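Data block below; observations after.
And the structure:
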């Protein structure tokens, strides 16, 4: 039996987000449950795969879903939390300009990189290295991981719940069109600075990276 019904609204990815969050709230989906494959979700909702992909991206960055490379998409343990739902809802609001979002990201994320350089743990270091490998397609040989996961991981390495929530919300509002070679190089520079404990260089590298994304290739 299909978990979801056909979507008819104009902002299709927003409607899909609401449908999935509603399914979690109603208990049709529980923590640890896997979602159907992207193709099957598109068929259930009656939409294109690009709309499903955008909705899953929003929910991943909100902390509602977790994408495990090579395994699928799963409901997280915090999916029913108020914070996760609020992040998903904020990402659906359509009146934030791209410029506004990037101004906010440039204000917040370089500071996160600086804090992470001194607050990181061994577990954080392992996570950052793993994400870099996945992003390059080294670990699994599959599609490269979503690059935004690394931005969230750097925020998580601050061990400040407010910063983690802010970055998750801001990243969810941003649809990045990136030049992969430059992006990979920038991410490697940021992570290297964090792992070296060089907060100033981490801040500068993150600022340069976000400004490059804002200009359309970073």
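In the numbering used here, the protein residues as written are 256 to 473. We put the CB at the ideal spot given by N, CA and C, even for glycine. In this text, all values refer to a predicted model and were calculated from it rather than measured experimentally.
Three-way DSSP call (helix, strand, coil) for residue i in this model
| i | result |
| --- | --- |
| residue 469 | helix |
| residue 336 | coil |
| residue 451 | coil |
| residue 460 | helix |
| residue 395 | The pLDDT assigned to residue 395 is 48, lower than 50, so where the model puts this residue is not dependable, and the model offers no usable value. |
Nearest to residue i (by Cα), restricted to the options the options
| i | options | result |
| --- | --- | --- |
| residue 405 | 355, 458 and 439 | 439 |
| residue 407 | 302, 367 and 466 | 367 |
| residue 319 | 441, 468 and 423 | 423 |
| residue 387 | 450, 363, 321 and 282 | 450 |
| residue 361 | 377, 326, 426 and 331 | 426 |
| residue 308 | 272, 282 and 383 | 272 |
| residue 382 | 281, 412 and 441 | 412 |
| residue 377 | 414, 403, 390 and 358 | 414 |
| residue 331 | 314, 267 and 354 | 314 |
| residue 321 | 283, 287 and 298 | 287 |
| residue 267 | 283, 305, 280 and 281 | 305 |
| residue 380 | 353, 409, 317 and 283 | 409 |
| residue 277 | 294, 359 and 343 | 343 |
| residue 333 | 279, 293 and 310 | 279 |
| residue 447 | 429, 416, 469 and 385 | 385 |
| residue 403 | 299, 312, 328 and 463 | 312 |
| residue 416 | 371, 292, 295 and 300 | 371 |
| residue 299 | 421, 329 and 270 | 270 |
Residue range of the unbroken beta strand (DSSP E) whose run includes residue i
| i | result |
| --- | --- |
| residue 320 | 320-323 |
| residue 330 | 327-330 |
Boundaries (first-last residue) of the alpha helix (DSSP H) holding residue i
| i | result |
| --- | --- |
| residue 269 | 267-280 |
| residue 416 | 416-427 |
| residue 388 | 377-390 |
| residue 308 | 304-316 |
| residue 288 | Counting along the chain, residue 288 falls outside any alpha helix (DSSP H), and DSSP gives it neither H nor E. |
| residue 372 | 353-374 |
| residue 297 | 293-300 |
| residue 408 | 403-411 |
Distance between beta carbons of residue j and residue i, contact taken as under 8 angstroms
| i | j | result |
| --- | --- | --- |
| residue 336 | residue 454 | About 30 angstroms separates the two Cβ atoms, so there is no contact after all. |
| residue 467 | residue 441 | 7 angstroms |
| residue 465 | residue 364 | 6 angstroms |
| residue 369 | residue 457 | 6 angstroms |
| residue 274 | residue 324 | Actually they do not touch by this definition, with Cβ atoms about 25 angstroms apart. |
| residue 356 | residue 428 | 5 angstroms |
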